[in-house]
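Visitor: Quick one: this structure, given as structure tokens, is what I'll be asking you about.
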Amino acid sequence: MARFVVTVRFPASFTEDFIALIPQHRALINRLIEENVVEAYAISASRTRGWITMNGLNADVIRAVVEQFPLFRFFEQVEVDELFVFDSTASRFPRISLN
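Numbered by my numbering, the letters in the sequence shown go through residues 1 to 99 in order.
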């Protein structure tokens, strides 16, 4: 299984329809995290861009999952890039404490 980073662009301002879908969107993201489809989910402080690290067979599979996001219709841009290297503290063994 390959790992991808999805970059999304949000609209400059959020409508009531957008805001109403946030809880449903977050519930899906949380479920995908539990299923190990989504590894990381981040939104910029300006709330204009987001990055989602995802696991899947190929870019088409990843894009199909992203298209199921409740907020997908509001995304102004979606980029899917396969990663060659993805390293993080979360993927390493916990630090040993001698206490």
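Note that the Cβ used here is the ideal one computed from N, Cα and C, for glycine as well.
Given the structure is predicted, the values throughout are model-derived calculations rather than measurements.
With 16 as the cutoff for other CB atoms within 10 Å, does F4 come out buried or exposed?
Guide: As a working mapping, residue 4 is identified with position 4 in the sequence shown. F4 comes out buried.
Visitor: If distances are taken between C-alpha atoms only, which option among P11, T48, L71 and A90 comes closest to H25?
Guide: The residue you call residue 25 lines up with position 25 of the sequence shown. For the residues P11, T48, L71 and A90, the minimum Cα distance to H25 belongs to L71.
Visitor: Identify the continuous beta strand (DSSP E) that holds A42 and give its terminal residues.
Guide: Here residue 42 refers to the residue found at position 42 of the sequence shown. First-last of the beta strand (DSSP E) with A42: V38 to I43.
Visitor: Would you call the stretch 75–87 and the stretch 46–63 in contact, with 3 or more CB pairs under 8 Å?
Guide: The stretch 75–87, when compared against the stretch 46–63, does touch it at the 8 Å Cβ threshold.
Visitor: Spatial neighbours of R49 within its chain, please: CB distance less than 8 Å, with the 5 preceding and 5 following residues excluded, ordered by chain position.
Guide: Stepping through the sequence shown from its first residue, residue 49 is reached at position 49. Once the five neighbours on either side are set aside, the close Cβ partners of R49 are T7, V8, R9, F10 and I43.
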